[in-house]
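Position 37 of the sequence shown, counted from 1, bears residue number 422 in the working numbering, the numbering being contiguous throughout. All remarks here apply to the structure that follows.
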Amino acid sequence: MDDNDFWSFSNQIYRKNHISEVCLYLQDIHKLNINLILFCCWFGKNFGVLDKNLFNKIIKRSSSWDVVVVAPLRKLRIDLKYSNKANLNWSAEIPLLREKIKTIELEAEKLNQLYLQKEALKLKKNKISTKQLDCVIKNLFLYLSNKKICFSKSNTNLFNNTMLILIAIFPNHNQEEIANKLDNLKDK
């Protein structure tokens, strides 16, 4: 595995049809960390089910990085977007500044992913060849449980957005199969 395997996986998934919007929705509405969502998927696909105690440690460290580094950069970038709409005299330079901040924000995200990948290598089991979908779903449920988010079909947006992520990761599985696995594994 090269140093950027998790980063490559994340970029590949994030660029698929509507996945960036899905991830941003989960971030904005459910306050989920996109890196941790993708980490659950990447780890499940490559190594299996996460250990709850070690994953809680990873969540804590990753969330701290997000609060201290990434969120302030994101807030500044968004605030500048709205200040540019205020028609300030110097507003022509604001889009350039926002792009520079976005680049730094992405570098901060990448550093967090490198940390997550290093921790994953400590946690990894033997590479799995079957039941990858089950492992990814269990990891996502572990994260949702940590965030005290109840997963059910009645929470249509969460269910559908999780489905879209899983379809992007597992294009050879049909929607019905993924929906059934989500429903069957949610209580396990």
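Ideal placement from N, C-alpha and C gives every residue a C-beta, glycine not left out. Bear in mind that the values here come from a model prediction, so they are computed numbers and not experimental data.
Using only the alpha-carbon positions, how far apart do residue i and residue j sit?
| i | j | result |
| --- | --- | --- |
| Leu570 | Ile489 | 38 Å |
| Tyr467 | Glu494 | 23 Å |
| Met386 | Leu461 | Note that Met386 scores 48 on pLDDT, short of 50, meaning its location in the model is unreliable; the coordinates nonetheless yield the value given after this. Their backbone Cα atoms lie some 35 Å apart in a straight line. |
| Lys487 | Leu496 | 14 Å |
| Arg483 | Ile444 | 28 Å |
| His558 | Ser447 | 31 Å |
| Val455 | Ile552 | 28 Å |
| Ile534 | Pro480 | 36 Å |
| Cys520 | Leu458 | 33 Å |
| Ser537 | Asn420 | 22 Å |
| Cys425 | Ser539 | 23 Å |
| Leu518 | Lys430 | 7 Å |
| Leu527 | Glu478 | 44 Å |
| Glu406 | Asn396 | 14 Å |
Does the beta-carbon of residue i have 16 or more other beta-carbons within 10 angstroms, so that it is buried, or is it exposed?
| i | result |
| --- | --- |
| Glu492 | exposed |
| Asn418 | buried |
| Ala505 | buried |
| Gln498 | buried |
How far does the alpha helix (DSSP H) with residue i in it reach, from first residue to last?
| i | result |
| --- | --- |
| Gly429 | 419-431 |
| Lys566 | 560-570 |
| Asn545 | 541-554 |
Using DSSP with H/G/I as helix, E/B as strand and the rest coil, what is residue i?
| i | result |
| --- | --- |
| Arg400 | coil |
| Phe526 | helix |
| Ile443 | helix |
| Asp413 | helix |
| Asp436 | coil |
| Cys535 | coil |
| Asn497 | helix |
| Met386 | Bear in mind that the predicted position of Met386 carries a pLDDT of just 48, short of 50, making it unreliable; the figure below should be weighed with that in mind. In this structure, Met386 counts as coil in the three-state DSSP scheme. |
| Lys466 | helix |
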